[in-house]
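Taking it in order: structure first as structure tokens, then the write-up.
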């Protein structure tokens with residue numbers, strides 16, 4: 001209990017203070033706003049690469065595969081561009097000020113900070129184009145930095161009333177445009193100077209510099225065995241205290257995980273074989289369809305026990321109520337109904353099962369037993385087995401089945417102990433009534 005008190009009184013408040021900052025909230029909300037784009041893009045990518053060769057050949061011959069991939073490219077390839085807008089927007093919104101200008105200025109700053117030309121392999125320069133790679137995977141970390149920075153700067157100007165204020169009779173749309181003139185001028189001027197600085201001194205752009213200095217190392221660290229284990233631990237550890245661990249980890253790591261996923265897809269789009277030598281194991285969909293299937297803590301093992309082995313009336317009823325939600329990866333009824341939160345008996349499996357599952361998944365991909373994943377990213381509510389098949393074929397679906405078996409075996413002795421305690425309490429209450 002002493003350790004639990006230390007965690008509750010010392011560590012958890014600091015974690016909550018950090019995740020409650022406007023910066024983290026803006027990053028979390030900003031990336032959440034782009035999830036719809038990834039799902040739409042995944043649908044078109046899935047159809048274009050459906051796991052049935054005759055169908056794919058038909059699409060290719062008729063030209064429809066290129067049309068479908070056009071939609072995928074138009075969603076995934078601009079994720080950094082969309083994210084910089086949404087992050088800047090939500091930062092200003094969290095500051096309780098008019099947010100649209102902040103989003104637009106974030107987008108403008110991002111575009112200023114990338115090249116508007118492309119150098120061909122023969123060193124020929126083509127003007128008037130923006131390299132698409134920097135609007136997607138290579139610009140993700142820069143989009144976070146730029147979105148947050150512009151959001152902060154814009155909010156500071158507005159809060160300190162360093163704005164052009166129009167008379168009351170002016171329409172709000174016009175008035176808001178003038179409100180953003182001074183902060184907008186400062187932000188765009190600063191972006192131009194920063195672009196010039198990196199161009200003159202480093203012979204590169206700010207966005208490319210961030211990609212090489214920050215993004216690549218962070219992506220590599222995240223995709224290591226240790227990085228995968230830390231993610232699995234953090235999500236369950238926070239949830240055990242009743243804090244939405246998956247949401248917090250996603251808010252912090254989404255940009256890096258999406259970059260990994262997008263770069264894997266770029267390898268596939270180039271017609272190359274995706275391997276651990278050129279791709280990433282730990283991606284955004286690695287987290288959603290392997291580390292938290294049936295919900296954080298991979299609690300399907302608890303539900304299965306309740307349905308088939310429970311002795312207490314509470315668990316029998318809870319199992320019936322929870323199975324439908326668990327199929328769609330929703331496990332709040334289990335987490336709060338069992339309860340798992342702050343339950344010392346279930347602490348070990350709730351932390352341990354996702355870690356073991358991560359180890360099995362990582363080794364399976366590292367050894368080539370299961371393919372690495374591109375950017376097919378079905379909705380997180382897609383049932384296990386189905387989601388695995390859609391993303392990686394039968395081998396990934398089989399891996400999900402193995403992970404669920406690990407959950408059933410891992411939780412069994414612990415939930416059985418809790419069930420026995422509940423059963424004895426029910427018997428005592430029943431006898432007292434008699």
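Residue numbers (my numbering): 1 to 434. Glycine residues also receive a C-beta, built at the ideal position from the N, C-alpha and C atoms.
Among residues of its own chain, excluding the 5 on either side of residue i, which ones have a beta-carbon nearer than 7 angstroms to its beta-carbon?
i, result
"residue 440", "Look at the range of the chain in this structure, 1 to 434, and you will see that residue 440 is not part of it."
"residue 18", "24"
"residue 34", "79, 82, 83 and 86"
"residue 317", "none"
"residue 380", "288 and 329"
"residue 258", "79, 140 and 284"
"residue 304", "408"
"residue 108", "188"
"residue 362", "225, 228 and 281"
Does DSSP put residue i in a helix, a strand or coil?
i, result
"residue 209", "helix"
"residue 22", "helix"
"residue 168", "coil"
"residue 119", "strand"
"residue 502", "There is no way to answer for residue 502, as the model of the chain reaches only from 1 to 434."
"residue 162", "coil"
"residue 312", "coil"
"residue 298", "coil"
"residue 320", "helix"
"residue 45", "helix"
"residue 374", "coil"
"residue 369", "coil"
"residue 274", "coil"
"residue 331", "coil"
"residue 50", "coil"
"residue 241", "coil"
"residue 149", "helix"
"residue 379", "coil"
"residue 280", "coil"
"residue 80", "helix"
"residue 114", "coil"
"residue 136", "coil"
"residue 33", "coil"
When the distance is taken between beta carbons, is residue j closer than 7 angstroms to residue i?
i, j, result
"residue 302", "residue 334", "yes"
"residue 350", "residue 297", "yes"
"residue 435", "residue 310", "Because the chain here runs from 1 to 434, residue 435 falls outside it and cannot be looked at."
"residue 72", "residue 37", "no"
"residue 378", "residue 369", "no"
"residue 414", "residue 346", "yes"
"residue 231", "residue 249", "yes"
"residue 341", "residue 410", "no"
"residue 358", "residue 229", "yes"
"residue 223", "residue 260", "yes"
"residue 132", "residue 77", "yes"
Would you mind reading off the limits of the alpha helix (DSSP H) that contains residue i?
i, result
"residue 433", "386-433"
"residue 291", "It is not in any alpha helix (DSSP H) - residue 291 carries neither H nor E in the DSSP assignment."
"residue 365", "344-366"
"residue 64", "64-76"
"residue 247", "245-269"
Could you please give the first and the last residue of the uninterrupted beta strand (DSSP E) stretch that includes residue i?
i, result
"residue 96", "No beta strand (DSSP E) holds residue 96; DSSP gives it neither H nor E."
Note down, in chain order, each residue of its chain lying with its Cβ closer than 6 angstroms to the Cβ of residue i, except the 5 sequence neighbours on either side.
i, result
"residue 194", "206"
"residue 139", "80 and 207"
"residue 292", "246"
"residue 88", "102, 103, 106, 147, 150 and 151"
"residue 384", "293 and 400"
"residue 127", "117"
"residue 51", "393"
"residue 374", "264, 265 and 268"
"residue 221", "227"
"residue 69", "48"
"residue 435", "With the chain covering only 1 through 434, there is no way to say anything about residue 435."
Enumerate in chain order the residues of its own chain whose CB-to-CB distance from residue i is below 8 angstroms, with the five nearest sequence positions on each side excluded.
i, result
"residue 98", "92, 158, 176 and 179"
"residue 145", "210"
"residue 278", "267 and 272"
"residue 256", "140, 141, 215, 218, 219 and 222"
Could you tell me if the beta carbon of residue i falls within a distance shorter than 6 angstroms of some heavy atom in the ligand ZN?
i, result
"residue 65", "Here there are no bound small molecules, and the ligand ZN is not part of this structure."
Are the C-beta of residue i and some C-beta of chain D separated by less than 7 angstroms?
i, result
"residue 294", "Going by chain labels, chain D is absent from the structure shown, which holds only one protein chain."
Any alpha helix (DSSP H) of 4 or more consecutive residues that is wholly inside the region 177-225
181-197, 206-210 and 216-222
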